[in-house]
Amino acid sequence: MDIVCSTEEQALFERISSIAQGMQVHCYLVGGFVRDKILGRDTKDADIVCTGDGIALAQAVAASYPNRPQVNFFKTFGTAQFKLNGFDVEFVGARKESYSSDSRKPEVSEGTIEDDQRRRDFTINAMAISLNKENYGRLIDPFNGMEDLRNKILRTPLDPDITFSDDPLRMMRGIRFATQLGFVLEPETFEAISRNKERIKIVSQERVTDELNKIMVTPKPSVGFDLLYKSRLLHEFFPQMTELAGVEIIEGKGHKDNFYHTLQVLDNVAQRSDNLWLRWAAVLHDIAKPATKKFEEGHGWTFHGHEALGEKMTPRIFRQLKLPQNENMKFVAKLVGLHLRPIGLTKEDITDSAMRRLLFDAGADLEALMILCESDVTSKNKFKVKRYLENFELVKERLKVVEEKDRIRNWQPPIDGAEIMKIFGLAPSREVGILKTAVREAILDGIIPNDYAAAYGYVLQKAAEMDIKPVKQ
Ligand code: CTP
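If you read the sequence shown in our numbering, its first letter stands for residue 291, the second for the next number, and so on.
Here is the structure:
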């Protein structure tokens, strides 16, 4: 073989080879497994193409193991899969396949190995290794995938217009591979993405976002976003992000290009953390800048309230991109909303109560917030960057001191909403919220101490101001 396989993999492939021979079926290793083996990347699944019945071969191979792993198959697609000690093996009959322009349903007919290779996405994914007795282990590479792999080039086996129109998700995959592998999209292939970008609409948003998240978790996600922007594929499914791009100049004053600033922040976060959702917070932190942008006479460009509006936009964008509506979304929205707060604490004469307020609002997500803020420093002036980062270090130290003293991060006020309803005989209402907030704020501001008696006295006083009387106990 031209590739190095583990002993288990070799044993599996030899077994498949001899069972296939007995069934008079030809079969080949193909796709990502071959590519990743040649590149020396980890593999945890293998695709096997056979001329003939892939499902029958999969069943025969699975049945040859004493524990008879369960075979999952899809008759309509002619695919079958089973797991062997965590290793995924997938079988498919060689196909000719094309998609009609108005439908996602493939028309499939039986084909040769060359037919199958031709209808794959990129030349580096279209290499096959024979598992047939007569030429076992030989590389079959009709589209020079090996050369493209060496030169780090992504190119479609067929005319890219055909390859992309067969399955438009491949445009996303191409950009994802470019980002993940550090490859370059060959110019004609890239131009075809720009030409066919609207076809991405026939692909489900879940599949598009899945590729986007694969771009997000690479060490330098900006590479992928830049390609998505330049090909205008991004405009098709995430227009809000493209609106960040560009610089407007009035009276000789410009603002920064917020798209490229966002990409820089994203890369900075990626250097500091593997957390996908923190990376999403980087993508969204300035998302409301276009909507809040104003030129103020004698002052220049402002983006007042972009953090609050950005926080509000986050659930909508998550829904649009079919990202989860769960605590991860809440985390992203919270960070977007808070992303300017630590900057406010770098000024002089900051009180402990301002520190307490941030500790309370950020809670368990304070470290993530500080990473986002440090990553948001993208000035080209090295001295400025150094000064801002030093200021954040001072803020972090003071937050630590205040937290050690007051234990605010996991703190709950001594009187909660349920207690307030009981004291005053109130049903859930706006008044309960007002009283609850008043107690919390008074403690955070240091107006009253953090204990039940003080909170009780304070809430009675506040309620009296609102003409609310306690019920007799
Ligand atoms: N493939 C394709 N078009 C697609 C998806 C897949 O032509 N839209 C082909 C490629 O030959 C690919 C193979 O099917 O190599 C296996 O696909 P998949 O397992 O999704 O991707 P990998 O290439 O293995 O890469 P990764 O696991 O990183 O997604």
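Ideal Cβ placement from N, Cα and C applies to all residues, glycine included.
Element boundaries [beta strand (DSSP E), containing residue i]
{"i": "F528", "result": "Taken as a continuous stretch (DSSP letters only), F528 belongs to no beta strand (DSSP E), as it is neither H nor E."}
{"i": "W701", "result": "First-last for W701: undefined, no H or E at that position."}
{"i": "V324", "result": "It is not in any beta strand (DSSP E) - V324 instead sits in the alpha helix (DSSP H) that spans 322-329."}
{"i": "G590", "result": "590-592"}
{"i": "F585", "result": "584-586"}
{"i": "L599", "result": "Note, L599: premise wrong, no beta strand (DSSP E); alpha helix (DSSP H) at 596-610."}
{"i": "F372", "result": "369-374"}
Residue i: CB within 8 Å of a non-hydrogen atom of the ligand CTP
{"i": "V573", "result": "no"}
{"i": "A416", "result": "yes"}
{"i": "V323", "result": "The question names Val, yet the displayed sequence has Phe at residue 323. Result yes, Cβ under 8 Å from the ligand CTP."}
{"i": "V498", "result": "no"}
{"i": "L459", "result": "yes"}
{"i": "K504", "result": "yes"}
{"i": "F412", "result": "yes"}
{"i": "Q314", "result": "no"}
{"i": "V320", "result": "yes"}
{"i": "Q349", "result": "no"}
{"i": "Q495", "result": "no"}
{"i": "D405", "result": "no"}
{"i": "Q300", "result": "no"}
{"i": "D335", "result": "yes"}
{"i": "R463", "result": "yes"}
{"i": "D438", "result": "no"}
{"i": "R489", "result": "no"}
{"i": "Q554", "result": "no"}
{"i": "R409", "result": "yes"}
{"i": "Q371", "result": "no"}
{"i": "D326", "result": "yes"}
{"i": "Q615", "result": "no"}
{"i": "Q470", "result": "yes"}
Extent of the continuous alpha helix (DSSP H) run through residue i
{"i": "T297", "result": "297-312"}
{"i": "Y678", "result": "672-696"}
{"i": "L518", "result": "512-520"}
{"i": "A353", "result": "344-353"}
{"i": "M619", "result": "617-628"}
{"i": "R551", "result": "Residue identity check: residue 551 is His in the sequence provided, not Arg. Residues 548-562."}
{"i": "A416", "result": "A416 -> no alpha helix (DSSP H), and no H or E assigned at all."}
{"i": "V537", "result": "It is not in any alpha helix (DSSP H) - V537 carries neither H nor E in the DSSP assignment."}
{"i": "T508", "result": "T508 -> no alpha helix (DSSP H), and no H or E assigned at all."}
{"i": "M645", "result": "642-652"}
{"i": "T727", "result": "720-734"}
{"i": "P614", "result": "Unbroken run through P614: none, as it is neither H nor E."}
{"i": "S669", "result": "Segment: none, S669 is in no alpha helix (DSSP H) and carries neither H nor E."}
{"i": "R460", "result": "459-471"}
{"i": "I577", "result": "No alpha helix (DSSP H) holds I577; DSSP gives it neither H nor E."}
{"i": "D451", "result": "450-456"}
{"i": "P447", "result": "Here P447 belongs to no alpha helix (DSSP H), and DSSP marks it neither H nor E."}
Cβ-Cβ separation, residue j to residue i (assumed contact under 8 Å), whole Å
{"i": "P458", "j": "I419", "result": "Rounded, the Cβ-Cβ distance is 28 Å, inconsistent with contact."}
{"i": "I414", "j": "R331", "result": "That pair is no contact at about 12 Å."}
{"i": "I345", "j": "G368", "result": "7 Å"}
{"i": "F433", "j": "P447", "result": "4 Å"}
{"i": "T469", "j": "V498", "result": "The Cβ separation is near 15 Å, so there is no contact."}
{"i": "D378", "j": "K334", "result": "6 Å"}
{"i": "T592", "j": "E601", "result": "Actually they are not in contact, since the Cβ atoms of T592 and E601 sit about 18 Å apart, beyond 8 Å."}
{"i": "S484", "j": "S455", "result": "So it is not a contact: roughly 14 Å between Cβ atoms."}
{"i": "G715", "j": "V761", "result": "4 Å"}
DSSP state of residue i mapped onto helix, strand, coil
{"i": "V315", "result": "coil"}
{"i": "R385", "result": "strand"}
{"i": "N486", "result": "helix"}
{"i": "S494", "result": "coil"}
{"i": "D337", "result": "strand"}
{"i": "D438", "result": "helix"}
{"i": "N362", "result": "strand"}
{"i": "E501", "result": "helix"}
{"i": "E424", "result": "helix"}
{"i": "V294", "result": "coil"}
{"i": "G544", "result": "strand"}
{"i": "E755", "result": "helix"}
{"i": "V761", "result": "coil"}
{"i": "D406", "result": "helix"}
{"i": "E664", "result": "helix"}
{"i": "F714", "result": "helix"}
{"i": "E380", "result": "strand"}
{"i": "E400", "result": "strand"}
9 Å Cβ cutoff, residue i in contact with chain E
{"i": "L679", "result": "Absent here is chain E; the protein component of the structure consists of one chain."}
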